Amino acid sequence: MNTPRTPDQDELHAYADGQLTTARQQEIAAYLARQPALAAQVEGWRRDAQALRVALSQPAQLSPARFAPERIRAGMRRRRRRVLALCASWLLVGSLGLIGGWQAQRLSYDRSHPPMADALVAYRIFASDRARPVEMDASDSSRLQQWVSARLGRPLSLPDMDSYGYRLLGGRMLATAEGPAALLMYQNAQGQRISLYVRPSTRFEAGFRGDRQGDGLAASYWYRNGYGFAVVGRAGDPGTVAVQQAMPAAI
Amino acid sequence: MSHFDDDQLREVLPALRRFAGWLCRDDSAADDLLQSCLEKALAHQHSRRQPEAPLKPWLFSIMHRLFLDGRRRASRWQRLLGRLADTESSAPSAERAAVANDALAAFARLSPDQRAVLLLVAVEGMSYQDTALALGLPIGTVMSRLSRARAAYRQLTEGEPRAVATPTLRSVK
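So the sequence lines, in the order shown, correspond to chains A and B. Using the numbering used here, read the first sequence as starting at 1 and increasing by one per residue. Using the numbering used here, read the second sequence as starting at 1001 and increasing by one per residue.
Here you go:
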C-alpha cells in the first residue's frame, strides 16, 4: 500500500471545485483532515464560490426575449436583406450611370458623326466640278468596273440608271479613314448629278439604313456585308428620290 | 446537419449573459456583446470546426474573443485620440447602479482576467479544460489565475490577507 501523494496548490483548487476523481477527492479529504489550516483555506474557497453562485444567479439575470435564437436569426436575416438591397441599389445606380453615359456618348458621337458624312463631302467637291467630275469615264465600262472593284477590294457592279434619266459618267477612288472609297457619278440631261459612294464600314450592322437632308443635299444610305453605301443628290431634283430608291436593288 | 439546437443555446443563454455582464461592466455594452456572440454562434451553427466539442466552452470562447477584439479596438481608438488630445487614459467603467452585496462588490474589484476565470470555474462550474478552451489560455495559466483570483477575493472579503501555510512544494508526477 502506497501513501497518497501530498496535493499541490492546483490539486487543492481542483478538490475545492470537485474536479478530481472520487478516489482522489477522498484521499485529499483525508489529508486535509490532518491539516486544519489548509482545510480552512480550501473551505474558504468553497464558501466564496457558493456566495458568488448565489449572488450572481439572481432572477434579474434572466435573458430578455430579444436574445431568443429565433429573434437573433430574424434580425440577421433582416440585416442581410438590407445589405443586399443596398448593394443592389448601388449596382443599379452604377449600371444606370454606365449605360446612360454610354448612350449619351454614343448619341453625341452619332450627332457629330452622321452616317456616311464623307459621301456628302465627296459629292460637294466633285459634283460641282464641271470639267473633271471623275477620274475614269464610263466609255469602257468593263475596265472601269475592274479598276473600281480591284481598288475597293470588293466586286462592284455599275448600276444602270438610264431608265431614270441618269447616265453613268464614270468613277473615281478616294482615300478615307475607313479604307478606299469608290465614287460613281451619274448625270441627267439637265446636268443634275447623283453619286453612288461605297466604302468599308463596320459601324452599323448589316441592314441598317436611313436618309437625311442638309445644306441642299439629300442622302440615303445603307450598310451591307461590311460596306457602307450612300446615294447623294440635290434635294430638289425630281430624279434623286427615284434613284435613291432604285439603287440598293441594282447593286 | 445541426450539431446544437436552439434549446441547447437557450439553456446557456443566462450563463452567457452573466459572462458578458461581468466582462463589460456596462449593461448596454454587455447586451451588444451578447448579441454579436449569438449572431456569430448562429452563423456557424452548421459549420463548427469541431462539432463534437462541448457547446458551452465554445460559446464562451466566441464571446471572450469578441470582447478582447472590442477592447483592442477601443484601446487603439484611445491611443489615436490620446495623440490628438490628452484625454483620460480610460474612462471608469460604469459601475452597476446597486451592487447587490459584498460578494458582488468584491467580485467587481477583481481584475477582468481574474473575474473571467473565477466566473467560469466557480459559478458556471466549468472544468479547467473547458475554461482554458473558452479563454484561449493554456491550462497552467488558468490555474495560476484561479489561484490569484481566489487569494485576491479572500483578501477583499476579509479585509486582510490570511497567512496560511500552503505547501510550496509541487508534487512530482
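Ideal Cβ positions, reconstructed from N, Cα and C, are used throughout, including at glycine. None of the values given here were measured: they were computed from a predicted structure.
Can you list, in chain order, the residues of its chain whose CB lies under 7 Å from that of residue 1164/B, leaving out five sequence neighbours each side? Because the pLDDT of residue 1164/B is 46, which lies under 50, any placement of that residue in the model is unreliable, and the number read from its coordinates should be weighed accordingly. So no residue of the chain qualifies.
Below 8 Å on the Cβ atoms is my guess for residue 164/A versus residue 243/A; work out the distance and round it to an integer in Å. Correct: roughly 5 Å between the Cβ atoms.
Specify, as a first and last residue, the run of the beta strand (DSSP E) that residue 173/A falls within. Taken as a continuous stretch (DSSP letters only), the beta strand (DSSP E) holding residue 173/A covers 167-176.
8 Å contact criterion, which residue 1040/B and residue 1130/B should meet: CB distance rounded: Not a contact, Cβ separation roughly 19 Å.
Measuring straight from C-alpha to C-alpha, what distance separates residue 1090/B and residue 1079/B? Note on residue 1090/B: pLDDT 42, under 50, position unreliable in the model; no value is reported.
Got a sec: which bits of the stretch 1142-1157 of chain B sit with their beta carbon under 9 Å from any beta carbon on chain A, in order along the chain? Within the stretch 1142-1157 of chain B, the residues whose Cβ lies closer than 9 Å to some Cβ of chain A are 1143, 1144, 1146, 1147, 1150, 1153, 1154, 1157, listed in chain order.
To the nearest angstrom, report how far apart residue 1113/B and residue 82/A are at their CA atoms. When rounded, the distance between both Cα atoms is 38 Å.
So with Cβ pairs under 8 Å, would you call residue 44/A a contact of chain B? So yes, residue 44/A belongs to the interface.
Taking only beta-carbon positions, decide if residue 92/A is within less than 8 Å of chain B. Against chain B, the CB of residue 92/A has no partner CB under 8 Å away; the residue lies outside that interface.
Would the C-beta of residue 76/A count as close to the ligand ATP, meaning under 7 Å from any of its heavy atoms? Annotation note on the ligand ATP: not contained in the displayed structure, which lists no ligands.
Does any residue of chain B have a CB that is nearer than 8 Å to the CB of residue 73/A? Contact with chain B is found for residue 73/A, since one of that chain's Cβ atoms lies less than 8 Å from the residue's Cβ.
Measure the alpha-carbon distance for residue 208/A versus residue 107/A and round it to whole angstroms. Distance between residue 208/A and residue 107/A, taken at the CA atoms: about 16 Å.
Under 7 Å Cβ-Cβ, which residues of chain A neighbour residue 1039/B? Those are 72, 76, listed as they occur along chain A.
Range covered by the beta strand (DSSP E) that runs through residue 185/A: 179-187 is the span of the beta strand (DSSP E), which, as asked, contains residue 185/A.
Min CB distance residue 1010/B to chain A below 8 Å: Residue 1010/B counts as touching chain A.
Where the alpha helix (DSSP H) through residue 141/A begins and ends: It spans 141-152 - the alpha helix (DSSP H) in which residue 141/A sits, taken as one unbroken run.
Given a cut-off of 8 Å, decide if residue 170/A and residue 119/A are closer than it, judged by their beta-carbon atoms. Contact annotation: residue 119/A and residue 170/A have beta-carbon atoms that are not nearer than 8 Å.
For chain A, find out if any of its Cβ atoms is closer than 8 Å to the Cβ of residue 1137/B; answer yes or no. The beta-carbon of residue 1137/B is placed no less than 8 Å from the nearest beta-carbon of chain A.
By a C-beta neighbour count over all protein chains shown, 10 Å radius and 16 as the cutoff for buried, is residue 225/A buried or exposed? With fewer than 16 other Cβ atoms within 10 Å, it is exposed.
When you compare the stretch 195-210 of chain A with the stretch 168-186 of chain A, are there three or more beta-carbon pairs, one atom per stretch, that lie closer than 8 Å? The stretch 195-210 of chain A, when compared against the stretch 168-186 of chain A, does touch it at the 8 Å Cβ threshold.
Which whole-angstrom value is the C-beta distance of residue 158/A and residue 146/A, which I expect to be below 8 Å? Between residue 146/A and residue 158/A the Cβ distance is about 11 Å, and since that is not below 8 Å, they are no contact.
Let me make sure I understand the geometry here. Which of 1071/B, 1036/B, 1028/B, 1073/B has the alpha-carbon closest to that of residue 1063/B? With distances taken between Cα atoms, residue 1063/B lies closest to 1036/B.
Checking the sheet assignment: what are the DSSP bridge partners for residue 1143/B? DSSP output for residue 1143/B lists no bridge partner at all.
C-beta neighbour in chain A for residue 1013/B, strict 8 Å: At least one chain A Cβ lies under 8 Å of residue 1013/B.
Buried/exposed call for residue 1024/B, threshold 16 Cβ in 10 Å: Buried is the call here.
For residue 1071/B, tell me which candidate among 1029/B, 1043/B, 1045/B has the shortest Cα-Cα distance. When only C-alpha atoms are compared, the closest one is 1029/B.
What are the boundary residues of the alpha helix (DSSP H) that residue 164/A is part of? In the DSSP assignment, residue 164/A falls outside any alpha helix (DSSP H) and carries neither an H nor an E.
8 Å Cβ cutoff, residue 1065/B in contact with chain A: So no, residue 1065/B is outside the interface.
List in chain order: all unbroken alpha helix (DSSP H) runs of 4+ residues lying wholly within the stretch 7-84 of chain A. Those alpha helix (DSSP H) runs which fall completely within the stretch 7-84 of chain A and span 4+ residues are 9-16, 22-33, 36-56.
Residue 115/A versus chain B: which residues are under 8 Å apart at the beta carbon? For residue 115/A, none of the residues of chain B pass the 8 Å Cβ criterion, the least Cβ distance being about 58 Å.
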